[in-house]
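Visitor:
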Amino acid sequence: MQRIKAVVEFDGSGYCGWQYQENDKTIQGEIERALQVVFKDRIGITGAGRTDAGVHARNQVFHADIPDYSLYKLKNSLNGLLNADIVIKHIERCSDNFHARFDAVKRRYRYYISEIPTALARSFSWHIVFPVNITLMQAGASLICAYNDFKSFCKSGSDVNNYHCQIFESRWIKQNGLMIYEICANRFLYGMVRAIVGTLIDLGRGKITLNEMNEIILSKDRTKVLNSAPAKGLILEEISYK
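Residue numbers (our numbering): 2 to 243.
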């Protein structure tokens, strides 16, 4: 047996998130089904994190324990079996102690927003039809870095023991005609990034003030968040390890 570390890119539009669900189509489920075809046995995989339904990934990481097998051949076999919206980008052998989730030290997400209609990026960005104040939104993004308890931005139904996240970066950038919110942290809560983006957009629209955003965070009450951004604009960009 050997433990492998793999990097996968996927378009999450037609999936109910990353995590395996018995009666729904998920990214993990599709990869495990492909592995079962290759090895004629069930092979479980462990991802670095669980993306929500409709969320995409450029570089999601997972590990798995598999029989000795050519990794070059495995990558080609999996990509031949998987739908075109899931691509295995890289596979390597790793330490038997490596854990895709627990060994990760940073996770980076980007949320893409288009202010003008776009045919090519419509599945991977949120097209907004109202003006926003990017200066205010940048101030709100900076405010995120001042906190470590994000219970207000966690969806109900989460099974976490605490709501603490260490934020390394939180900022807006403009690139190729898009507004992009970039956030990097040691971990993220269920629905956290989309709730933050929705709140920052409300700030930019003048629906809330910076002081009110501060109060939302301090309240630790998810019902105070007015809006959550659509899933389609969110991409898991990168996982960093020790």
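Even glycine gets a Cβ: it sits at the ideal position worked out from N, Cα and C.
1. Taking DSSP as the reference, what is the three-state secondary structure of Met-193?
2. Any idea what DSSP makes of Gln-37, helix, strand or coil?
3. State the Cα-Cα distance for the pair His-64 and Ala-101, rounded to the nearest angstrom.
4. Over the uninterrupted beta strand (DSSP E) stretch that includes Met-180, give me the two end residues.
5. If you draw a straight line from the C-alpha of Ile-89 to the C-alpha of Gln-61, how long is it?
6. Hey, does Tyr-110 have any beta-carbon neighbour from chain C nearer than 8 Å?
7. I'd like the list of long-range same chain contacts for Glu-93, defined as Cβ closer than 6 Å, with 5 residues on each side in sequence excluded.
8. Can you say whether Tyr-16 is buried or exposed, counting buried as having 16 or more other CB atoms within 10 angstroms of its CB?
9. For Ile-117, does the three-state DSSP call read helix, strand or coil?
10. Would you mind giving the Cβ-Cβ distance between Ser-171 and Lys-221, rounded to the nearest angstrom? I have them listed as a contact below 8 Å.
11. Nearest CA to the CA of Trp-173: which residue from Ile-145, Ser-157, Asn-187?
12. Name the two residues that bound the continuous alpha helix (DSSP H) containing Leu-227.
13. Quick one: residues in its chain with C-beta nearer than 8 Å to the C-beta of Val-226, no 5 flanking neighbours on either side, listed in chain order?
14. Could you work out which residue in Ile-240, Glu-183, Asn-162, Thr-210 is closest to Gly-234 when comparing CA atoms only?
15. Is it buried or exposed for Gly-30, if we count other Cβ within 10 angstroms and need 16 for buried?
16. Tell me whether Leu-237 sits in a helix, a strand or coil according to DSSP, three-state version.
17. Would you tell me roughly how many angstroms separate the C-alpha atoms of Phe-189 and Thr-210, rounded to the nearest one?
18. Per DSSP, which residues does Asp-66 bridge with? Please list them.
19. Are the beta-carbon atoms belonging to Gly-50 and Arg-108 less than 8 Å from one another?
20. Identify the residues that DSSP records as bridge partners of Arg-111: which are they?
21. What's the C-alpha gap between Gln-167 and Ala-120?
22. Buried or exposed, going by whether 16 or more other CB atoms sit within 10 Å of the CB of Ile-117?
Guide: This is what the structure gives:
1. helix
2. helix
3. 6 Å
4. 179-186
5. If you take the alpha carbons of Ile-89 and Gln-61, they lie about 10 Å apart.
6. Absence of chain C from the displayed structure is noted, only one protein chain being present.
7. The answer, listed in chain order, is Lys-6.
8. buried
9. Residue state, collapsed to three classes: coil.
10. Separation of the CB atoms of Ser-171 and Lys-221 is rounded to 18 Å, and the pair is thereby denied contact status at 8 Å.
11. Trp-173 has its Cα closest to that of Ile-145, out of Ile-145, Ser-157, Asn-187.
12. Premise fails: Leu-227 is in no alpha helix (DSSP H) and is neither H nor E.
13. Ser-153, Phe-154, Ala-196, Gly-199, Thr-200, Ile-217
14. Minimum Cα distance to Gly-234 is reached at Glu-183.
15. buried
16. In the three-state reduction of the DSSP assignment, Leu-237 falls in the strand class.
17. Inter-residue distance for Phe-189 and Thr-210 is about 24 Å (C-alpha atoms, whole angstroms).
18. Arg-4
19. yes
20. Glu-183, Ile-236
21. Distance between the alpha carbons of Gln-167 and Ala-120 is about 36 Å.
22. exposed
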